[in-house]
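Per my numbering, the very first residue in the sequence shown carries number 606; after that it's consecutive.
In what follows, a single structure is set out as structure tokens and then discussed.
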Amino acid sequence: MLTRRHFLTASAATLALPFAPRRLWAGASATLGNMQIDTLSDGNLTLPGDFILGGMPQDEMQAIVTKYGLPTDQLTPPCNVTLLRDGINTVLFDVGAGPDFQPSAGKLMEAFDALGLTVDDVTHVLFTHAHPDHIWGLLDEFDEPMFPNAEYMIGQAEFDYWMDPETVNTIGEARTTFAVGAARRLQAIAEQVKFIADGEEVLPGVAAHLTAGHTPGHMAFELRQGSEAAMVVGDALGNHHVAFERPDWASGSDQDKEMAAATRGKLLDRLANEKMALIGYHLPGGGIGRAEKSDSGYIFVES
606 MLTRRHFLTA
616 SAATLALPFA
626 PRRLWAGASA
636 TLGNMQIDTL
646 SDGNLTLPGD
656 FILGGMPQDE
666 MQAIVTKYGL
676 PTDQLTPPCN
686 VTLLRDGINT
696 VLFDVGAGPD
706 FQPSAGKLME
716 AFDALGLTVD
726 DVTHVLFTHA
736 HPDHIWGLLD
746 EFDEPMFPNA
756 EYMIGQAEFD
766 YWMDPETVNT
776 IGEARTTFAV
786 GAARRLQAIA
796 EQVKFIADGE
806 EVLPGVAAHL
816 TAGHTPGHMA
826 FELRQGSEAA
836 MVVGDALGNH
846 HVAFERPDWA
856 SGSDQDKEMA
866 AATRGKLLDR
876 LANEKMALIG
886 YHLPGGGIGR
896 AEKSDSGYIF
906 VES
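This is the structure we're talking about:
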């Protein structure tokens with residue numbers, strides 16, 4: 606799997622300045638057989654540290670996070686939307702946050718412009734899950750689906766969870782907007798969505814794998830061409846530090862913390878044993894790399 610890191614350059618004209626600022630959206634590229642894989646930056650999130658790190662053994666957690674040169678009071682994880690093109694299909698895995706979640710995110714259309722893509726080019730959208738930074742970019746300013754020619758695919762359990770009117774009452778006060786926002790967007794595609802199952806080949810060379818815990822029906826997607834493969838892991842591996850070094854620790858970002866920890870352990874074990882490339886939504890350097898075993902857990906190695 607050949608990989609190169611690149612920067613997508615987008616310009617924005619302005620009448621107020623004598624020159625247009627250049628915006629650089631980091632990404633990474635890889636080839637897998639006849640598949641061209643690009644990660645497109647949707648910007649980044651700005652999160653209180655305890656949203657992810659709260660509840661972990663604090664001394665050990667501090668040592669790990671410090672090793673990676675990160676603070677613990679605030680984290681700014683990148684958001685990498687995966688784009689796959691095989692000459693026939695143009696596939697997005699998740700659609701970013703759109704304009705209504707955080708001002709530092711929702712930049713996917715700028716990455717599209719830099720690549721010369723349009724929303725009409727997208728043939729399929731596959732959702733890992735329906736958290737805001739993954740699905741709130743689904744609708745345009747008229748509340749119509751952003752990608753008008755696309756077929757939308759999501760796991761049945763994930764769809765049912767967010768469409769259940771009781772979810773907003775049970776998800777917890779801090780996440781009620783997650784539930785309201787997901788239901789509104791999924792309702793907009795309810796008549797055209799295709800439900801996908803664990804283990805199903807949903808497109809040629811693309812298989813869905815249930816990786817529940819972060820959300821009830823979270824899916825990862827295995828991209829395979831012959832003996833070469835890569836896994837789009839979504840938020841099953843939500844960061845490059847504690848999630849790898851101590852996958853057994855509960856994370857505040859996960860809805861079912863015990864299940865998510867078990868999922869992380871199994872997923873990392875497979876990725877490391879099979880030396881399979883992985884593509885992470887919130888991993889650095891555009892998100893493409895590998896998991897390698899270490900003395901106490903695993904490490905993320907950028908490609």
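Ideal placement from N, C-alpha and C gives every residue a C-beta, glycine not left out.
Neighbour-count burial assignment, residue i, 16 or more Cβ in a 10 Å radius
i                 : result
tyrosine 573      : Lying before the first or after the last residue shown, residue 573 is absent from the chain, which here runs from 606 to 908.
aspartate 725     : exposed
tyrosine 903      : buried
alanine 802       : exposed
aspartate 853     : exposed
phenylalanine 747 : exposed
aspartate 738     : buried
glutamate 715     : buried
Per DSSP, cross-strand counterpart(s) of residue i
i              : result
histidine 814  : Ala825
serine 646     : Asn685
isoleucine 759 : Phe800
alanine 896    : Phe905
glutamine 830  : Glu833
histidine 729  : Val696, Glu756
glutamine 860  : Glutamine 860 is not bridged to any residue.
proline 889    : Answer is none; proline 889 lacks a bridge partner.
proline 750    : Leu744
proline 653    : Gln679
Sequence-distant residues of the same chain with beta carbon closer than 8 angstroms to residue i, five excluded per side
i                 : result
phenylalanine 800 : Met758, Ile759, Gly760, Gln761, Phe764
aspartate 691     : Asn639, Met640, Gln641, Pro809, Gly810
isoleucine 669    : His846, Val847, Glu850, Arg851
glycine 870       : Pro852, Asp853
alanine 793       : Leu743, Leu744, Asp748, Glu749, Pro750
Three-state class that DSSP yields for residue i in the structure shown
i              : result
lysine 880     : coil
glycine 659    : coil
isoleucine 740 : helix
threonine 687  : strand
alanine 793    : helix
proline 704    : helix
glycine 843    : coil
alanine 735    : coil
glutamate 771  : coil
Cutoff 7 angstroms; reference residue i; Cβ partners in own chain excluding five residues on either side
i              : result
asparagine 649 : Thr681, Pro682, Pro683, Cys684, Ser709, Ala710
threonine 868  : Thr816, Ala817, Gly818, Ala841
threonine 772  : Tyr766, Ala784
methionine 864 : Ala817, Gly818
Neighbourhood of residue i by C-beta distance below 6 angstroms, restricted to the same chain and skipping five residues each side
i              : result
leucine 842    : Ala848, Gly885
threonine 644  : Gly632, Ala633, Asn685, Thr687, Gly891, Gly892
asparagine 754 : Asp725
tyrosine 673   : His846
Residue i CB to nearest heavy atom of the ligand MN below 6 angstroms
i             : result
threonine 733 : Judged by which ligands are present, the structure shown has none, so any question about the ligand MN falls away.
Measuring CB atoms only, is the stretch 694 to 703 touching the stretch 653 to 670, in the sense that at least three cross pairs come out at less than 8 angstroms? no
Three or more C-beta pairs closer than 8 angstroms, one from the stretch 803 to 819 and one from the stretch 725 to 741: is that the case here? yes
On the three-pair Cβ rule with 8 angstroms, is the stretch 842 to 850 touching the stretch 767 to 786? no
Per the contact definition of three or more C-beta pairs closer than 8 angstroms, is the stretch 642 to 658 in contact with the stretch 676 to 684? yes
Three or more beta-carbon pairs under 8 angstroms between the stretch 827 to 841 and the stretch 705 to 720, yes or no? no
So, does the stretch 854 to 866 touch the stretch 899 to 908, judging by three or more C-beta pairs under 8 angstroms? no
Kindly confirm or deny that the stretch 764 to 784 and the stretch 864 to 880 touch, where touching means at least three C-beta pairs closer than 8 angstroms. no
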